[in-house]
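Numbering (full-length UniProt numbering), first residue to last: 1 to 263.
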Amino acid sequence: MKIPKPVALSALDGPAILKEARKLLAPRIQQPARRAFLQRTLTLGGLAMLTGCSLSDDDSVEQALTAISRFNDRVQAGIFDPHQLAPTYPESMITRPFPFNAYYGIEHVPQVDEASFRLEVTGLVADRRAWRLQELRGMAQVDQVTRHICVEGWSAIGKWGGVRFSDFLERVGADRRAKYVGFKCADDYYTSIDMATALHPQTLLALTYDGRTLPAEYGFPMKLRMPTKLGYKNPKHIQAIFVTNTYPGGYWEDQGYNWFGGS
Ligand SMILES: Nc1nc2c(c(=O)[nH]1)N[C@H]1C(S)=C(S)[C@@H](COP(=O)(O)O)O[C@H]1N2
Ligand SMILES: [Mo]
C-alpha cells in the first residue's frame with residue numbers, strides 16, 4: 001500500500017476526498033471482496049452519513065476523514081492476531097545498505113550521548129525509574145530478520161536485536177490493560193501503539209542493527225521494531241516511554257496517516 005504524504009483537501013474537491021476516504025477505509029481488512037464493494041459504493045453523501053459530518057467546509061472534510069481513519073483503527077485492532085507472526089528471513093536476504101529515512105536529511109540525525117542517556121519510563125507503570133542503556137543490555141536479548149515497509153513506497157529486510165518489549169513492560173510493571181504505549185524521541189518525532197502490539201512476541205526494543213550497536217542513523221540509542229506495523233510506527237532515538245489510556249497520536253498520524261498502521 002502506498003500512501004503519499006498527507007495533503008490538505010478542499011471541501012470543493014469531491015473526487016479527491018473520496019479517493020482519500022477509500023484509502024483510509026480499512027485497507028488491511030481480510031475480505032478483499034467486501035472491501036472493494038465498500039470502496040466502490042462510497043459516495044460523498046454516503047461518507048457524510050457514515051461520519052455525521054456535513055463535508056461543507058474544510059474542517060468537516062477533515063473530521064470525516066479522521067472518523068474513517070478511527071473506524072479503520074478499530075477494524076485493524078479487531079483482526080489483529082496477537083499470536084500470528086510476521087515473516088522472518090535468512091540473513092542472506094538482508095538489504096545492503098539498509099535505507100535511512102526520517103522527516104529530515106541524514107545530516108540532521110540526532111547524536112545521543114550514551115554516558116548521560118537515561119530512558120524515561122512514566123505513566124501506568126509500577127516502577128518509574130529511568131534506565132541506563134547498560135541495564136537494558138543486561139536483559140535477555142533476541143535477534144530478528146524482518147521486513148520494514150515504508151508507506152512512501154519502499155521496503156527492506158534488516159536484522160534488529162534487543163529486548164522483547166513484553167519482557168520490558170513486565171519488568172517495569174506496566175498496566176497491561178492500558179490502551180496505549182507512547183514514545184518520545186530525541187528528534188521531535190513521537191508515536192504511540194496499541195497494547196496488543198506492544199505485547200506481541202516480535203515487538204523488540206532494538207539496541208542493535210545487524211549485530212552491532214544501533215548506529216545513529218537507524219535510531220541510537222534504541223528503536224521500537226515491530227514487523228507487524230508500517231515504518232512510521234517504529235520510533236527511533238527513543239528517550240521516553242509512557243503507558244496511558246489517553247490517545248497520544250503521533251508525528252505523521254496527527255497529519256493524516258492511519259494510527260493503527262498495520263503492515
Ligand atoms: N525518531 C524518528 N523515528 C522515525 C522516523 C523519524 O523521522 N524520526 N521516521 C519513521 C519512518 S517514516 C521510517 S520509514 C523509519 C525509517 O527507519 P530507518 O532509517 O531505520 O530505515 O523510521 C521511522 N521512525
Ligand atoms: Mo516511513
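Each residue gets a CB set at the ideal place from its N, CA and C atoms; glycine is no exception.
Computed from a predicted model, the values in this text were never measured in an experiment.
Would you decide whether residue i is buried or exposed? Buried here means 16 or more other CB atoms lie within 10 Å of its CB.
i    : result
S263 : buried
S190 : As written in the sequence, residue 190 is Tyr, which differs from the Ser given in the question. Under this definition Y190 is a buried residue.
K236 : buried
S155 : exposed
N258 : buried
S192 : buried
E253 : buried
Q255 : exposed
M1   : Residue placement at M1 is poorly supported in this model, since its pLDDT is 40, which falls under 50; the coordinates still yield a value, given next. By the 10 Å Cβ count, M1 comes out exposed.
Looking at C-alpha atoms only, which residue of the options is the closest neighbour of residue i?
i           : options                  : result
S69         : D81, P87, Q84 and L50    : L50
Q202        : T88, I238, I241 and P215 : T88
residue 266 : L230, I79, D58 and L85   : No statement about residue 266 is possible, as the shown extent of the chain runs from 1 to 263 and does not include it.
To the nearest angstrom, how far is it from the Cα of residue i to the Cα of residue j?
i    : j    : result
F220 : L207 : 7 Å
A16  : K23  : 11 Å
G52  : T43  : 14 Å
I3   : E152 : Because I3 carries a pLDDT of 49, less than 50, the predicted location of this residue cannot be relied on, and no value is offered for it.
R34  : R74  : 17 Å
My output table needs one value for residue i: the three-state DSSP class, helix, strand or coil.
i           : result
F80         : coil
L205        : strand
H237        : coil
G262        : strand
T95         : coil
L25         : coil
A8          : coil
residue 294 : One cannot answer for residue 294 here, as it falls past the ends of the chain, which runs 1 to 263.
A36         : helix
Would you say the beta carbon of residue i comes nearer than 7 Å to a heavy atom of ligand 4?
i    : result
C185 : Of the ligands this structure carries, namely ligand 1 and ligand 2, none is ligand 4.
Residue ranges of each alpha helix (DSSP H) within the region 44-92, 4 or longer: 44-51 and 58-79
Report the residue ranges of all beta strand (DSSP E) runs contained in full by the UniProt domain "Oxidoreductase molybdopterin-binding" (108-252); include only those spanning at least 3 residues, in chain order. 120-123, 142-150, 154-164, 180-185, 190-194, 204-209, 223-225 and 238-244
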